[in-house]
Amino acid sequence: MRDDRDVLLLASLLSLVTTGSPAKAVMTGLVSGSRDGVVPVPLLPVAGAVALGAACGLASRRG
1 MRDDRDVLLL ASLLSLVTTG SPAKAVMTGL VSGSRDGVVP VPLLPVAGAV
51 ALGAACGLAS RRG
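Positions 1 to 63 (this note's numbering) are the ones given, in order, by the sequence shown.
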């Protein structure tokens with residue numbers, strides 16, 4: 001049986017690399033913005049990343 005930390009680590013990794021993930025969209029925007037000198041703020045992916053971070057934080061407090 002997998003440990004909760006393993007599942008959390010896998011979920012964090014997948015949130016960064018999967019297509020359409022909020023974290024990947026934010027990181028892509030920041031990287032391309034640093035090249036262009038303008039950082040766009042996509043509100044939906046930012047809100048999704050904040051929600052995912054809050055969920056991971058709450059999950060880590062359970063155990």
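No residue lacks a Cβ here, since even glycine has one placed at the ideal position from N, Cα and C. Keep in mind that this is a model prediction, so the values were computed, not measured.
Apart from the five residues on each side of it in sequence, which residues of its chain come closer than 7 Å, Cβ to Cβ, to Leu8? The residue given as residue 8 occupies position 8 in the sequence shown. Cys56, Ala59 and Ser60, listed in sequence order.
Roughly how many angstroms lie between the CA atoms of Asp3 and Ser21, to the nearest whole one? As a first step, residue 3 is located in the sequence shown; it is residue number 3 there, counting from the start. As a first step, residue 21 is located in the sequence shown; it is residue number 21 there, counting from the start. Rounded to the nearest angstrom, the two C-alpha atoms are 24 Å apart.
Per-residue DSSP class, three states only, for Asp6: Position 6 of the sequence shown, counted from the first residue, corresponds to residue 6. The answer is helix: DSSP assigns Asp6 an H, G or I state.
Start-end ranges of the alpha helix (DSSP H) lying completely within the region 16 to 60, minimum 4 residues: 22 to 36, all fully within the region 16 to 60.
What do you reckon, are the CB atoms on Val17 and Val46 nearer than 9 Å? Walking along the sequence shown from the start, residue 17 turns up at place 17. Walking along the sequence shown from the start, residue 46 turns up at place 46. Val17 is not a Cβ neighbour of Val46, given a cutoff of 9 Å.
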